[in-house]
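Heads up: the structure comes next, in structure tokens.
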Amino acid sequence: MTSDKERENTLDKKTLVFGASLNPMRVSHQAVQRLAAKGLRVVAIGGRHGFINDVPIHREYQEWKDIHTITLYMGYKRQSEHIDYFLSLKPKRIIFNPGAENHELFMDAKEQGIEVLNACTLVMLSTGQY
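Below is the structure:
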């Protein structure tokens, strides 16, 4: 059973899903849905404007100030142009989902004191590790 304190801490974990897709078959789409269903604040950036339920997908960088976690759904080759943006958000954690592993960003983030994980957001949510 989740305590009020644990629930409050979960709600504080505003998550940026980077590489969000409008396609319901994509894992990034499912991640947005499941994060929101868990009561987390979710924001998303993807290749096309649209909505996943009530969560808008932005195409441009946003200047969010309170991002706790960035969960990546974009291959490392396409991430290089976004590294400065990711680090500028000063997240507490970056999750590299399968296929999004990036040694350069991993090391840069770690040097800045950001927790980095090669993990699956959906698995973390389903096992209570998020």
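Counted the way the working numbering counts, the sequence shown spans residues 587 to 716. Even glycine gets a Cβ: it sits at the ideal position worked out from N, Cα and C.
Per DSSP, what are the beta-bridge partners of residue i in this structure?
i	result
THR713	None, per the DSSP bridge assignment.
VAL537	Because residue 537 is not part of the residues shown, which for the chain are 587 to 716, the question remains open.
GLU701	ARG679
So, residue i versus residue j, is the Cβ gap smaller than 8 Å?
i	j	result
LEU658	ALA686	yes
ASN683	VAL613	yes
TYR671	ASN688	no
GLN619	ASN639	yes
LEU645	ARG634	It is Arg, not Leu, that sits at residue 645 in the sequence shown. Contact: yes.
ILE656	LEU621	no
Report the three-state DSSP secondary structure of residue i (helix, strand or coil).
i	result
HIS654	coil
ARG593	Because the pLDDT at ARG593 is just 43, under 50, the model does not fix this residue reliably, and the point stays unresolved.
Using 8 Å for Cβ pairs, my map puts residue i next to residue j. What's the rounded Cβ distance?
i	j	result
LYS676	GLU701	About 12 Å separates the two Cβ atoms, so there is no contact after all.
ILE681	THR713	Rounded, the Cβ-Cβ distance is 14 Å, inconsistent with contact.
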